[in-house]
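In UniProt numbering, the protein residues as written are 1 to 251.
Ideal placement from N, C-alpha and C gives every residue a C-beta, glycine not left out.
See below for the structure under consideration.
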């Protein structure tokens with residue numbers, strides 16, 4: 001069960017780092033989760049840090065033994081986690097919630113949360129996945145360097161206890177991870193792509209210094225994004241290979 005047990009940390013640098021340390025002791029059971037609303041050095045994708053005031057965020061990391069998936073299908077775990085996180089946020093903020101490829105949670109065109117999955121391998125054996133999910137919960141505003149961030153408080157006008165958000169998230173993740181099975185791969189990937197930010201909508205992107213207009217057409221089973229340029233050229237892009245041009249620049 002996801003979130004059984006659930007440990008509440010008063011303060012921690014990064015819940016993902018803490019979870020990794022606990023997994024390395026060899027004494028952790030699959031589904032164990034660690035939560036804090038006071039993360040002092042949160043981790044994002046590609047080494048970005050993520051910092052907030054105490055009580056403003058819900059930071060949750062889960063240790064999962066991914067016995068339901070071969071390593072070659074690891075993107076399906078990202079799909080399940082993104083769908084679970086989106087399900088949770090929809091229940092709190094409404095159905096304008098979308099998934100920004102590969103695994104950010106957006107409300108309209110603003111970032112409400114992020115996901116970071118780190119794998120523990122022993123040789124070619126996928127021993128554990130450390131699933132980190134952070135939501136913006138109670139921030140009344142964001143600094144200028146975060147122009148496209150948004151919190152649940154800003155969306156709904158209501159403050160929430162961050163731990164309660166984490167508990168809803170655990171239940172949503174449990175539901176989605178249970179669905180991981182070869183017979184469901186195609187349907188889960190189809191649902192994931194249909195819920196993507198900018199799905200089938202022309203918009204601006206940047207790659208290798210070039211800004212261009214393109215349209216998301218598909219996501220492949222290995223996670224590659226298929227982006228069609230206005231010229232008709234189809235790009236097959238891996239994580240970190242393309243930048244979404246956001247906000248007022250996207251015209």
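For residue i versus residue j, is the C-beta distance shorter than 9 angstroms?
i: residue 107; j: residue 71; result: no
i: residue 109; j: residue 197; result: yes
i: residue 60; j: residue 101; result: no
i: residue 264; j: residue 146; result: Given a span of 1 to 251 for the chain in the structure shown, any question on residue 264 remains unanswerable.
i: residue 64; j: residue 192; result: no
i: residue 58; j: residue 134; result: yes
i: residue 103; j: residue 117; result: yes
i: residue 216; j: residue 76; result: no
i: residue 213; j: residue 230; result: yes
i: residue 195; j: residue 81; result: no
DSSP puts residue i in a beta bridge; with which residues?
i: residue 117; result: 131
i: residue 57; result: 136
i: residue 196; result: 99
i: residue 215; result: 228
Expressed to the nearest angstrom, what Euclidean distance is found between the alpha-carbon atoms of residue i and residue j?
i: residue 228; j: residue 123; result: 37 angstroms
i: residue 6; j: residue 173; result: 14 angstroms
i: residue 211; j: residue 205; result: 6 angstroms
i: residue 2; j: residue 32; result: 7 angstroms
i: residue 40; j: residue 11; result: 7 angstroms
i: residue 78; j: residue 157; result: 30 angstroms
i: residue 182; j: residue 219; result: 17 angstroms
i: residue 45; j: residue 16; result: Summary for residue 45: the model assigns pLDDT 49, below 50, so the residue's position carries little reliability, and this model does not support an answer.
If residue i and residue j are in contact, beta carbons under 8 angstroms, what's the gap, nearest whole angstrom?
i: residue 221; j: residue 129; result: About 17 angstroms; that fails the 8 angstroms criterion.
**Study point:** Contact between the stretch 162-181 and the stretch 140-151 (3+ Cβ pairs under 8 angstroms)
**Key:** no
Practice item. Please confirm if the stretch 57-74 is in contact with the stretch 92-104, defined as three or more CB-CB distances below 8 angstroms between the two stretches. Key: no
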